[in-house]
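Participant: Provided herewith is a single structure, encoded as structure tokens, for subsequent inquiry.
Put into structure tokens, the structure is as follows:
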């Protein structure tokens, strides 16, 4: 079964992999915006573009993992997330944990979504 | 292919998503029990209920991710985990890492399991 | 649908689970090598052996998660990763975050790969 890669900005990894009805995609904010809200908005816009390119959408996400540099910013991230993800029929299983992140990243998001 | 959501207790995310023969589910302890052992027991009971509801079971887990607030409590979590997961034919691939967690959570567990 | 387990070195979890065209596998360095580069090389060799055993390979990875004890060692890990993963057509979706790890582990890697 074919694996399709959507290229990203960094060596050694892709923006997304598509295989057997699922797309696996990850985002960080390339502009290192100064707030968690701004980084989350940028990441979700980029992830939505990748989902669309893969033939999926934000109503087809099955699993989300949100890594936050500072868990004190969770409410700020959640407000942007909830606004983006929309109605309950779109809500994926999601984990959100605090972790150290690369460079000036305040949030990093991984999505697994259905493409069929 | 249909995605089924099992509702959870928080806005923007579900207890579980079911799609194409897999269920993705996450648990934290809503009662913020005072020990890692108690939180792990509660979470695994809730996850087992979600697996059963999805048509899966603890003998059908393919991937587990355990996030611990304090890695010094890993042995305490492992004792509860090993008791719960049972025989080697049930043992999934599992990662366990230390991460900051929301509120009074000492442990958060994500499972991916087969429903077919 | 059958789940196949590849046994590992620890109770309660397997080196890998295989189900419905995917293998889920995890590695840490059992020898606790003193550098991130050495641990990463050992882990990727072990993961490659598990992928081969499962009928997959490093050109079939769809998702990777890299946990680092110290994000200051990311460049050191990345050099080994990029050398191992090879050409862009092999590049999976990958997240890399800082997390506390068990014992003397400096890096822990989870791969999901296609076996069909």
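Residue numbers (this note's numbering), protein chains in the order written: chain A, -6 to 109; chain B, -6 to 109; chain C, -6 to 109. The beta carbon of each residue, even a glycine, is placed where N, CA and C say it ideally should be.
1. Three-state secondary structure (DSSP) at residue 93 (chain A)?
2. Can you pull the chain B neighbours of residue 38 (chain A), defined as C-beta to C-beta under 7 Å?
3. If you measure between the beta carbons of residue 11 (chain C) and residue 21 (chain C), is that distance less than 8 Å?
4. Rounded to the nearest angstrom, how far is the Cβ of residue 107 (chain A) from that of residue 55 (chain A), given a contact under 8 Å?
5. Under 7 Å Cβ to Cβ from residue 97 (chain A), same chain only, skipping five residues before and after it: list those, please.
6. Beta carbon of residue 25 (chain A): closer than 7 Å to some heavy atom of the ligand ZN?
7. For residue 18 (chain C) and chain B, any beta-carbon pair shorter than 8 Å?
8. Helix or strand or just coil, what does DSSP make of residue 47 (chain A)?
9. For my contact list, residue 1 (chain B) and residue 78 (chain A) are in at a C-beta cut-off of 8 Å; report their separation, rounded to the angstrom.
10. Can you tell me where the alpha helix (DSSP H) with residue 73 (chain B) in it begins and where it stops?
11. Short of 9 Å Cβ to Cβ, which residues in the region 41 to 70 of chain C face chain A?
12. Terminal residues of the continuous beta strand (DSSP E) containing residue 101 (chain C)?
13. Give every residue of the same chain whose Cβ lies closer than 6 Å to the Cβ of residue 16 (chain C), excluding the five residues on either side of it in the sequence, and list them in chain order.
14. Please confirm whether residue 25 (chain A) has its beta-carbon closer than 8 Å to some beta-carbon of chain C.
15. So what does DSSP say about residue 33 (chain B), is it helix, strand or coil?
16. Ends of the beta strand (DSSP E) at residue -2 (chain A)?
17. Counting Cβ pairs closer than 8 Å, one from the region 81 to 96 of chain A and one from the region 60 to 71 of chain A, do we hit at least three?
18. List the residues of chain B whose Cβ lies closer than 7 Å to the Cβ of residue 78 (chain A), in chain order.
19. Tell me which residues of the region 88 to 102 of chain C have at least one Cβ-Cβ distance to chain B shorter than 7 Å, keeping chain order.
20. Do residue 73 (chain B) and residue 30 (chain B) have their CB atoms nearer than 8 Å?
Facilitator: By the coordinates alone:
1. To locate residue 93 (chain A), count along the first chain from 1; it is residue 100. In the structure shown, residue 93 (chain A) sits in a strand (DSSP, three-state: E or B).
2. Position 45 of the first chain holds residue 38 (chain A). Per Cβ cutoff of 7 Å: no residues; residue 38 (chain A) is ~17 Å from chain B at best.
3. Taking the third chain and counting its residues from 1, the one referred to as residue 11 (chain C) is at position 18. Taking the third chain and counting its residues from 1, the one referred to as residue 21 (chain C) is at position 28. No, Cβ-Cβ distance for residue 11 (chain C) and residue 21 (chain C) is not below 8 Å.
4. As a first step, residue 107 (chain A) is located in the first chain; it is residue number 114 there, counting from the start. As a first step, residue 55 (chain A) is located in the first chain; it is residue number 62 there, counting from the start. That belief holds up - the Cβ atoms of residue 107 (chain A) and residue 55 (chain A) are roughly 6 Å apart, short of 8 Å.
5. The sequence position of residue 97 (chain A) within the first chain is 104, counting from 1. Non-local C-beta neighbours of residue 97 (chain A) in its own chain, meaning closer than 7 Å and more than five positions away in sequence, comprise 25, ordered along the chain.
6. In the structure on display, the ligand ZN does not appear, and there are no ligands present to speak of.
7. Taking the first residue of the third chain as position 1, residue 18 (chain C) is located at position 25. Interface residue, yes.
8. In the first chain, counting from the first residue as 1, residue 47 (chain A) sits at position 54. Three-state DSSP puts residue 47 (chain A) in coil, outside helix and strand.
9. Taking the first residue of the second chain as position 1, residue 1 (chain B) is located at position 8. Taking the first residue of the first chain as position 1, residue 78 (chain A) is located at position 85. Between residue 1 (chain B) and residue 78 (chain A) the beta-carbon gap is near 13 Å, outside 8 Å, which marks them as no contact.
10. Along the second chain, read from residue 1 onward, the residue named residue 73 (chain B) stands at position 80. Annotation for residue 73 (chain B): the continuous alpha helix (DSSP H) segment containing it runs 67 to 78.
11. Correct list: 52, 53, 54, 55, 56, 57, 58, 60, 61, 63, 64, 67.
12. Residue mapping note: residue 101 (chain C) aligns to position 108 of the third chain, counting from 1. From DSSP, the beta strand (DSSP E) with residue 101 (chain C) extends over 100 to 107.
13. Residue mapping note: residue 16 (chain C) aligns to position 23 of the third chain, counting from 1. Around residue 16 (chain C): 9, 47, 49, 106, 108.
14. The residue given as residue 25 (chain A) occupies position 32 in the first chain. Not flagged as an interface residue toward chain C: residue 25 (chain A), since no C-beta distance is shorter than 8 Å.
15. Your numbering for residue 33 (chain B) matches position 40 in the second chain. Secondary structure at residue 33 (chain B): helix, using DSSP grouped into helix, strand and coil.
16. Within the first chain, numbered from 1, the residue matching residue -2 (chain A) stands at position 5. DSSP places residue -2 (chain A) inside the beta strand (DSSP E), whose first and last residues are -4 to -1.
17. Proximity of the region 81 to 96 of chain A to the region 60 to 71 of chain A meets the contact definition, three or more beta-carbon pairs being nearer than 8 Å.
18. Here residue 78 (chain A) corresponds to residue number 85 of the first chain, with the count starting at 1. Correct list: 5.
19. Correct list: 92, 93, 94, 95, 101.
20. In the second chain, counting from the first residue as 1, residue 73 (chain B) sits at position 80. In the second chain, counting from the first residue as 1, residue 30 (chain B) sits at position 37. Yes.
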